[in-house]
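*Asks:* Right, I'll just put the structure down here and ask away after.
In UniProt numbering, the protein residues as written are 1 to 108.
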């Protein structure tokens, strides 16, 4: 009985950690409305789309900036660059258009 209680407690703790991680990831994904309830599956799928969108945005920004590669313009390589005004506008437009979640919860 004590072993079952311990196992249940450990599983509850694990599930809370997983749910907390999904909640943190959810906060990073732009959707409309911002507080729309999403399933774990939707969170993962939208996160993948958003990451791909950001990679493409970096690539496009690098191309517009004069042929730099996305790798050289990546904030991960220690030399972050400030986005150009046109890239910022493009980000706002694409975020609003591409990352909108429809009423049914399906990404557009």
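Just so you know, even glycine gets a beta-carbon here, dropped at the ideal spot from N, CA and C.
All values derive from a computational prediction rather than experimental measurement.
Per the contact definition of three or more C-beta pairs closer than 8 angstroms, is the segment 52 to 61 in contact with the segment 34 to 42?
*Replies:* Contact fails: fewer than three Cβ-Cβ distances are below 8 angstroms.
*Asks:* Taking the straight line between their C-alpha atoms, what separation do you get for residue 43 and residue 7?
*Replies:* Cα to Cα, residue 43 sits roughly 28 angstroms from residue 7.
*Asks:* The alpha helix (DSSP H) with residue 23 in it runs from where to where?
*Replies:* That run of the alpha helix (DSSP H) goes 2 to 27.
*Asks:* Closest to residue 48 by CA distance: which of 2, 29, 16, 24 is it?
*Replies:* When only C-alpha atoms are compared, the closest one is 29.
*Asks:* For the alpha helix (DSSP H) that residue 65 lies in, which residues bound it at each end?
*Replies:* No alpha helix (DSSP H) holds residue 65; DSSP gives it neither H nor E.
*Asks:* Using the beta-carbon count (16 or more within 10 Å), is residue 4 buried or exposed?
*Replies:* Exposed is the call here.
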